[in-house]
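The numbering used here applies: residue 334 is where the sequence shown begins, and numbers increase by one. Following: one structure in structure tokens, then a few remarks.
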Amino acid sequence: MVNEVSMIRHSLPHAKARTGYWYVVSQGKLYLPDAEQPPQPQSLQQLGLELDGSEMLCQIGEIDQTPCYLLQYQDRPEPEHHWHSARQFLVFGEPHFEHAARACQVALFLQTHKFCGQCGSSMHLVNWELAALCHKCGHRCYPRINPCVLIAVVNSKNQLLLARSARHKSGFFSILAGFVESAETLEQAAVREVAEEVGVRIGNLQYVGSQPWPFPHSLMTAFIADYQGGELCCQPDEIEEAHWFDLDKLPEVPGEATLSGRVIQQLVKANSRK
Ligand SMILES: [Zn+2]
Numbered sequence: 334m335v336n337e338v339s340m341i342r343h344s345l346p347h348a349k350a351r352t353g354y355w356y357v358v359s360q361g362k363l364y365l366p367d368a369e370q371p372p373q374p375q376s377l378q379q380l381g382l383e384l385d386g387s388e389m390l391c392q393i394g395e396i397d398q399t400p401c402y403l404l405q406y407q408d409r410p411e412p413e414h415h416w417h418s419a420r421q422f423l424v425f426g427e428p429h430f431e432h433a434a435r436a437c438q439v440a441l442f443l444q445t446h447k448f449c450g451q452c453g454s455s456m457h458l459v460n461w462e463l464a465a466l467c468h469k470c471g472h473r474c475y476p477r478i479n480p481c482v483l484i485a486v487v488n489s490k491n492q493l494l495l496a497r498s499a500r501h502k503s504g505f506f507s508i509l510a511g512f513v514e515s516a517e518t519l520e521q522a523a524v525r526e527v528a529e530e531v532g533v534r535i536g537n538l539q540y541v542g543s544q545p546w547p548f549p550h551s552l553m554t555a556f557i558a559d560y561q562g563g564e565l566c567c568q569p570d571e572i573e574e575a576h577w578f579d580l581d582k583l584p585e586v587p588g589e590a591t592l593s594g595r596v597i598q599q600l601v602k603a604n605s606r607k
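Next comes the structure, spelled out in structure tokens:
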């Protein structure tokens, strides 16, 4: 795995013969001519996309020693139905989703850091790490990553607290989630979010895992926590409903390709062994 994004200094025509996994991004969507098939190692030429020289190109990692490249288009080539959300890559498994997520996030970084946020001069990419630097005032920027917490709250009856947010359809529930604020630990964010969203107190937080979530640049982290008191009271405009569910009688929840789905299944499996 290449940790840092290495910029390719070669011109695009020279890059045409390069073989690798190509993650082609335009305006937040990825090129996938067959939505059921992950990218296969091939040359840029074999990909069959027209280039006009305005595209950005860089290496964003490796899968089994085969390089993975990001190719960024300003204007999305036709046809529209060949372009998909990074969500489509969840079904292809971790290496492909991880590189699709990185491709989208790096593309967004390149697109939104052309000018210095401090003095307005042009930014330049540095070649030893993925950063944009202003040569005039020295301001340096890195790709933005927004940490989020997911919290699976379990009570003494071994019931799981699930909520439905205003943007989810009726009958679909998930564990609670929220963004980490400035100068907050992940644990403090989890305690605050649960109190704000459903009015209950939690403790005994256990870290479960994390997942990059490129919508547009989140890093999900997940905890299991014990309910410690308080009545369920949903935050208006955020949470439509929240209930305690028996782990063997759950409503429709996220799939296991997502971190929230994975945490829920971990609890369900642990409960079925009891
Ligand atoms: Zn500057």
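All C-beta atoms in this analysis are idealised placements derived from N, C-alpha and C, irrespective of residue type, glycine included. Treat the numbers as computed from the prediction; the structure is a model and nothing was measured.
message: What does the Cβ neighbour count give for histidine 429, buried or exposed, with the cut at 16 atoms within 10 Å?
response: Around the C-beta of histidine 429, 16 or more other C-beta atoms lie within 10 Å, and the residue is accordingly described as buried.
field: Any non-hydrogen atom of ligand 1 closer than 8 Å to glutamine 521 Cβ
entry: Not one heavy atom of ligand 1 falls within 8 Å of the beta-carbon of glutamine 521.
- request: Go ahead and pull the three-state DSSP assignment for histidine 414.
  value: helix
query: Do lysine 469 and ligand 1 come close, with the Cβ less than 8 Å from some heavy atom?
result: yes
- request: Would you decide whether isoleucine 572 is buried or exposed? Buried here means 16 or more other CB atoms lie within 10 Å of its CB.
  value: buried
query: Quick one: complete beta strand (DSSP E) runs, 3+ long, within the segment 355 to 438?
result: Runs found: 362 to 364, 389 to 396 and 399 to 406.
task: Might you give, ordered along the chain, the residues of its own chain that have their beta carbon closer than 8 Å to the beta carbon of histidine 415, omitting 5 neighbours on each side?
output: Tyr364, Leu365 and Pro366
field: Ordered list of alpha helix (DSSP H) runs contained in the segment 546 to 586, each at least 4 residues
entry: none
- request: Measure the beta-carbon distance from alanine 558 to alanine 523 and round it to whole angstroms, keeping in mind my assumption that it falls under 8 Å.
  value: 7 Å
message: I believe valine 531 touches alanine 496 by the beta-carbon criterion, under 8 Å. Please report the beta-carbon distance rounded to the nearest angstrom.
response: 6 Å
message: If distances are taken between C-alpha atoms only, which option among Val513, Gly588 and Arg606 comes closest to arginine 420?
response: Nearest to arginine 420 by C-alpha distance, out of Val513, Gly588 and Arg606, is Gly588.
task: Return the chain-ordered ranges of every beta strand (DSSP E) run that is complete within the segment 495 to 527 and spans a minimum of 3 residues.
output: 509 to 512
- prompt: Nearest to glycine 450 by alpha carbon, out of Lys469, Leu580 and Pro584?
  reply: Lys469
- prompt: With 16 other CB atoms within 10 Å as the buried threshold, where does glutamine 438 fall?
  reply: buried
query: Can the beta-carbon of alanine 555 be found closer than 9 Å to that of leucine 483?
result: Yes, the pair counts as a contact, with Cβ atoms nearer than the cut-off.
field: Simplified DSSP assignment, three categories, for threonine 352
entry: strand
- prompt: Going along the chain, which residues of its own chain have a beta-carbon closer than 7 Å to the beta-carbon of valine 424, five neighbours each way excluded?
  reply: Ala590
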